[in-house]
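Q: According to this note's numbering, the sequence shown is numbered sequentially starting from 2.
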Amino acid sequence: MNMPDRNWRTPDSDALCRALLSLETVDEMALFLRDLCTRTEIEGLSSRWEVATLLESGLPYRQVSEQTGASITTVGRVNEWRRFGTGGYRIALDRLDRSGQDAR
2 MNMPDRNWRT PDSDALCRAL LSLETVDEMA LFLRDLCTRT EIEGLSSRWE VATLLESGLP
62 YRQVSEQTGA SITTVGRVNE WRRFGTGGYR IALDRLDRSG QDAR
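Structure, rendered in structure tokens:
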């Protein structure tokens with residue numbers, strides 16, 4: 002896989018990251034995401050996260066696809082970013098694992 006494009010970082014994307022970090026609870030985050038995103042966008046993000054957690058648990062692509070409804074292409078793409086991306090999936094998966102929280 003090619004190195005991820007790092008040019009997506011802008012002052013606006015950093016401001017969004019700061020806003021996300023300011024939220025303290027799952028409920029606050031859910032409210033913010035609902036105001037920020039369409040229902041379809043939230044469902045897409047949630048689906049990708051579910052794919053990442055199922056791949057992390059060792060499920061094969063086909064089973065992940067069947068369980069989530071995501072295409073095999075999407076499952077493969079999430080897996081590539083999970084394994085070789087910028088490390089964002091890895092940070093979140095590891096932190097939730099260490100904290101004993103369910104990643105799903």
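Beta carbons are placed, not taken as given, at the ideal position from N, Cα and C, and that holds for glycine. A quick note: this is a predicted structure, and the numbers were derived from the prediction, not measured.
#1: Under a three-way DSSP split, which group does C38 fall into?
#2: Can you tell me where the alpha helix (DSSP H) with Q64 in it begins and where it stops?
#3: When we look at the beta-carbon of R10 and count the other beta-carbons within 10 Å, is it buried (16 or more) or exposed?
#4: Would you decide whether V27 is buried or exposed? Buried here means 16 or more other CB atoms lie within 10 Å of its CB.
#5: Roughly how many whole angstroms lie between the Cα atoms of Y90 and L32?
A: Per the coordinate set shown:
#1: In the three-state scheme derived from DSSP, where H, G and I count as helix and E and B as strand, C38 is classed as coil.
#2: In the DSSP assignment, Q64 falls within the unbroken alpha helix (DSSP H) covering 62–69.
#3: Under this definition R10 is an exposed residue.
#4: With fewer than 16 other Cβ atoms within 10 Å, it is exposed.
#5: Roughly 22 Å between the two C-alpha positions.
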